[in-house]
Amino acid sequence: MARYAMVIDTRRCIGCQSCTVACKVHNELPVDMIYNPVTTVGPTGVFPNLHMVHIPLLCMHCENTPCVDACPTGASLRREDGIVWIDEKKCVGCKACVMACPYGARIFNQEKGIVQKCDFCLDRVEKGNIPRCVQSCHQKARIFGDLDDPNSEVAKLKNSHHTVRLLDELGSKPSVFYIYGLEARMK
Amino acid sequence: MSRKHDEWGWMLAADFFFAGLGGAMLAIAGIADLFLGDAQTSVLGNFAGAIFIAIGAGLLILELGRPFQAFRVFMNPKSILTFGAWNMTFAIIAGLLFASFGITILPWSGFILVRKFLAAFCVIFGLVVATYPGVLLARHKARPFWNGPGIMVLFFLSSFITGMAGHILSGYVIGESSWFIAEGYIVSSFSSLVLQDLPHLTAIMLLFQLIFWAGYIWIKRSGGTEREAEAAQRWVNGDLSASFQLGFILLGTIVPIVLLLFTTPAIHSVGACLAILGGAIMRYLVVRAGEDRTWLPGEQKYRSRLPVGDEEFLKVWK
Amino acid sequence: MKRNFDFEQEGIQVKKSCCYFCHQNCGVLAYVKDDKVLAIEGDPDFPTNTGGLCCRGNIALLHLDHPDRINYPLKRIGKRGEGKWQRISWDQALDEIAAKLAQIREEYGAEAVATAGGTQRTDDWARRRFMNLFGSPNGFHNSHLCWIPTFMIETAVCGWSPFEIDLANSRCIVLWGQNPGASNMPEMHHLSELKQKNGLKIITIDPRFTETAAKSDLWLPLRPGSDLALALAWLHVIIYEGLYDPVFVENYCEGFGELANHVEQFTPEWAEPLTWLSADLIRESARMYAMNKPGNIQWGVAMDQQGRASGAAIHARILIRAITGNLDVPGSDLLTGPSLEFITDEEMEANEYLSEEQKAKQIGADKFKLLTWPGYSKIAEMSKKYWGKAPTAEWMCEAHPPSVFRAILTGDPYPVKALLVSATNPVNSYGESKLVLEALRAVDFMVTCEYWMTPTAALSDYVLPIAGALERPTITSSYGCSDFLLASQRAIKPMYERRNDYNFWRDLGIRLGQEDMWPWETVEDAYLHKLEPLGYGSDSYDEFVEYWRFHFPERQYQKYLDKGGFGTPSGKIELYSSVLKDLGYSPLPEYVGPVENEIDHPELAKEYPLVLSTGNGFMPFHHSEHFQIPDVRFLNSEPYFQINPETAEEYGIKEGDWVWIETQRGRMKQKADVTQAVAPRVIITQRGWWFPERKMEEPDLAGCLESNTNVLTSTRDEDCCPLSGTWANRGLLCKIYKVDSTEQKEDN
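Protein chains in written order, with the working numbering: chain A, 1308 to 1494; chain V, 3 to 320; chain B, 2 to 749.
Put into structure tokens, the structure is as follows:
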């Protein structure tokens, strides 16, 4: 069984928001729903000694999912390959998962009355393709693959670089790992 | 209902309030019945407990994105909300059945043993319903104001304060309508020692509430993380502080303490009303405080620049 | 792409199209069924983007059938700008327009008809062909703001513009006024790769701390508009510290002695107060470029947009490459010359059909000689002699836009009675917007080819619906000057009654007696004609795209060895330029300060104390495009300008406050982005802002002046570059003050 994960190389990300739009268009979301914000930290420092880093955010597809534990209907599920998804038929829109998620990844869809989120483009991954955000990124700053496959780029990157998980101290064990450049790490 | 919130809003707060109020009323009624004698709480109070829980459940259903699918919330045993849903259901049933024993015309009103069993169920389910919202909030790792055992204690305390106040109020109301007792074949609780002592007990609990809240805010402000301190600041002199300090602390806690130390039932009832109001205000403020999440890097600035939703360009090309 | 999209469903055709929303034209695969595009994705096999697709490319389907798209030819009824239109047929529109143009030609001469274009989005050779055959020399684009001054000055100095960057073998690249992180995704990708793999050094010269600057080895936050001073100081450092390539200079350059004498005075200490960079930093950066060879200097629009100082700055920059020998060797900037393998744009323009008499009437040619017939003729001749072909005239040889707008208003040098607008919204993208708007309101006859009802279209007599992304084929070849080309096909036939603008020029031309000169019925036919000499033997353009897609000739370095020199009159790189001298300009880059600056204009600086720069691109928009695509607009819904916290505090401005920014030309307002990314006293505004969600009617015209940064820029003759005529978007002086919430809406 695969163990899907994503590595985000912030040394390459330029905050162009292409992944944000690619995801929105692919998932045909209402205008105000964003699965994939890209934030900017900085410029930090005092002119002209500055640094800046851009941080793409998404559902972290955690191992210890606070959202799945919170869901009363069993609509939120975690697959064996690590992908956390929502069975839309079962979702009643109680928003318990929205409150439980530390990463703000879940969004209530006003029109449909249910909660939705990034699902690592499950429909594409199942056919051996990569998520839209990964494909769309010109900078190849997002890398997706199977951590259990030692030859995958994801595994190689994670094993050869110092990677960080966001809000690691909360113990939800995300499957998304960030690589920071030296200046950003020293902030 | 107009536009539903993207996160929990006032309906959830009202649900927590009613669940706490109703659950505690049931638990108190059950404890009184099991250990302190018959008719220690008014029949109105007994029914009110169950009905309040039902109102809470109703609000919970209305808050859903798809209310007609509400039956699904019973499905996931690992989820606290499912646990709460089942317990609320059992509590309502047990409460209604238990309370019905106070209507003398009903054929089963004499079966004491059954009533005692039901009382036990009322205690168990009532306690769970009164406590679980606090536990639910306390387990939110990413909501700095909620996280930690403190909020569980504060909610429990508020549940019981409002529960006791509920019984004081029901006792007073039904006491004042003695014709109803006779006409409606309703058991009288006029000689209840519990009801007579409740005002003092409630006043003491309110004092505890005052101290615990002061401690909670102080701990969050200076004894926790930066995000917790920021979240607590909203209660000290931020957007929640006026409602908190005037509504909950002054009107909802201190004034009731004073009023409950008087001797006239009428004044007690006013105090009880204010305490109940305070409980409602507090739940609302706590849910509002849940808006604060531990922000991810750069996230606050990003979200602050997004459109608010009423911009022209969002409407023109639908 | 859509969720659960079935790539293999019956009846699906895959079209090798392209994104149409910037010059990169990244490859896009379009999945088409029953002449409808069901989904798109970046083409993984396309050499530049390898599957990547930016936020603009991703919304192509939202652009294609947007409710605001113009789908039928419209004729104005009622007053200009009233918003009353009658839908007519293409035939009727073309008949009436042709008749009107013939009438104007009869009465006022062909020169009274001008055409306006924007950035390169259309087959401009077709536009030029029409104008040449019609007899008018007054076609123009925003060329002055975008690369063309660079191209022409560099070609004058060394025989062709060395715009082909041989990055794979490079050790250092200078991004001079360029931010690929926001404007050139494939380039940024290559830079990141090479930085990680080869340790490529990146120097960014930019007043702002941009996405690119954040990833550079060295960032030079110079005073906006002071690029000339920096370039001259670099020349000084490279020469006087002996960092130039003596062999290359000895063998292939002319005028080194004159140059050395000239730059002796331009020391880093001299440049320090002008550039706001320390002398040490100037030295360090010059050394980094000169000592990490081979190296590149990537062109960026910033230098082309500084008005009076642009020409000399561009001139100095090419000299830096020349004396370090970073020309045409592996890893440096290559002079590929025009393609000899396929038919270039210039060869499709029918330039020989425009009489000398008409050429002489080109507006602005008397004042700004390099980008007009005087300069272009010289350069074309030089180019034909050395390479065999000339650079594209539509772009490199144009009427001076500000002078044309003034001619419309004043009749000086002669009246301009008609303006044919295609692929531009002049009030948004040309300098001095208030003047442009006046001209657009005043011109007798205006026809606009557009996707949207822009303010310009709203003021026109006819508006014609044009095929856009996914509806048109595209050949990408760097304004007709590259030796390679990338070809993409359209995914579907144009929807509704939209047509390719090629057909507009052709059909108009046919009605005006040019029938013999337009043998290619469709633009695909014309493209096939261009590709034929390549010898791929395709029967149709679509076949070429499907099987071959692009043509990259084998790279040839150091062509000057085989050809016995460079394509200049002397055969050498003319550091002391004879071509510029012959045109009456200084043969060496003379120092001149930014158009408005506190040193040369202290009185002006008292009233306008802050330094302004405008015009930089930023995601997710492209010029004035995509403001009406909600998914894109949502991410950047209001105009922001950048201001340093120190300056913000001085003016009592907080993050998000609406602020008026005012220059001598006028004022506009944007919201404050208080950031350390710019130096204190520097204001950097966002370009392109208009509000298409508002009513497109006079007098507001959807707020086309409200937050439009071009209200602030200057196009006065004395502020323009004397060589190229480019006007001043950058290095200006401004003042700012908060917008009072009780202030009435004023007319700008």
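Note that CB positions come from ideal geometry on N, CA and C, so glycine has one too.
8 Å Cβ shell around residue i - same chain, five flanking residues per side excluded
i: His-1361(A); result: Thr-1317, Cys-1320, Ile-1321, Gly-1322, Val-1345, Thr-1346, Thr-1347 and Val-1348
i: Asp-413(B); result: Arg-407
i: Ala-314(B); result: Asp-228, Leu-229, Ala-232, Met-304, Gln-307 and Pro-590
Beta-bridge pairing of residue i - partner residues as DSSP gives them
i: Val-580(B); result: Beta-bridge pairing links Val-580(B) to no other residue.
i: Tyr-1485(A); result: Ile-1315(A) and Val-1471(A)
i: Ser-18(B); result: Val-29(B)
i: Leu-487(B); result: Thr-477(B) and Phe-551(B)
Proximity test, Cβ basis, 7 Å: residue i and chain V
i: Asp-1376(A); result: yes
i: Phe-1427(A); result: no
i: Thr-1346(A); result: yes
i: Met-1367(A); result: no
i: Ser-638(B); result: yes
i: Pro-68(B); result: yes
Residue environment, residue i, which counts as buried when at least 16 other CB atoms sit within 10 Å
i: Val-740(B); result: exposed
i: Gly-258(B); result: exposed
i: Ser-708(B); result: buried
i: Asn-297(B); result: buried
i: Ile-737(B); result: buried
i: Phe-37(V); result: exposed
i: Ser-241(V); result: Here residue 241(V) turns out to be Asp, not Ser, going by the sequence shown. It is exposed - the Cβ of Asp-241(V) has fewer than 16 other Cβ atoms within 10 Å.
i: Val-310(V); result: exposed
i: Tyr-1487(A); result: buried
i: Asn-239(V); result: exposed
i: Tyr-304(V); result: buried
Residue i at chain A interface by Cβ criterion, 7 Å
i: Tyr-187(V); result: no
i: Gly-52(B); result: yes
i: Met-3(V); result: In this prediction, Met-3(V) has a pLDDT of 29, which is less than 50 and means its spatial position is unreliable; nothing more can be read from the coordinates.
i: Trp-10(V); result: yes
Residue i at chain B interface by Cβ criterion, 7 Å
i: Glu-314(V); result: yes
i: Val-288(V); result: no
i: Pro-299(V); result: no
i: His-1468(A); result: no
i: Ala-1412(A); result: no
i: Phe-1354(A); result: yes
i: Val-1338(A); result: yes
i: Arg-1386(A); result: no
i: Gln-1446(A); result: yes
i: Arg-1319(A); result: yes
Contact set for residue i: own chain, Cβ-Cβ below 6 Å, skip 5 residues either direction
i: Met-349(B); result: Trp-126
i: Thr-664(B); result: Leu-713, Leu-733 and Cys-735
i: Ala-649(B); result: Val-675
Beta-carbon neighbours of residue i, restricted to chain V and to distances below 7 Å
i: Leu-1477(A); result: Lys-143 and Ala-144
i: Glu-694(B); result: Glu-314, Phe-315 and Val-318
Neighbour list for residue i in chain A, Cβ cutoff strictly below 8 Å
i: Val-75(V); result: Pro-1379, Thr-1380, Val-1399 and Cys-1401
i: Thr-676(B); result: Pro-1350
Contacts that residue i makes with chain B (C-beta to C-beta distance below 7 Å)
i: Asn-1334(A); result: Arg-4
Cut-off 7 Å between Cβ atoms - residues of its own chain near residue i, not counting five sequence neighbours on either side
i: Thr-265(V); result: none
i: His-623(B); result: Phe-22, Cys-23 and Arg-57
i: Ala-280(B); result: Pro-269, Glu-270 and Glu-273
Contact list for residue i against chain A, beta-carbon separation under 7 Å
i: Tyr-620(B); result: Note that residue 620(B) is Met in the sequence shown, not Tyr. The answer, in chain order, is Cys-1323 and Gln-1324.
i: Gln-71(V); result: Val-1399
i: Glu-1(B); result: Nothing about residue 1(B) can be read from this structure; chain B reaches only from 2 to 749.
Closer than 9 Å at the beta carbon, the chain V residues around residue i
i: Gly-1420(A); result: Lys-6, Leu-66, Gly-67, Arg-68, Pro-69 and Gln-71
Test: residue i CB closer than 7 Å to a CB of chain C
i: Pro-309(V); result: Of the protein chains in the structure, A, V and B, none is chain C.
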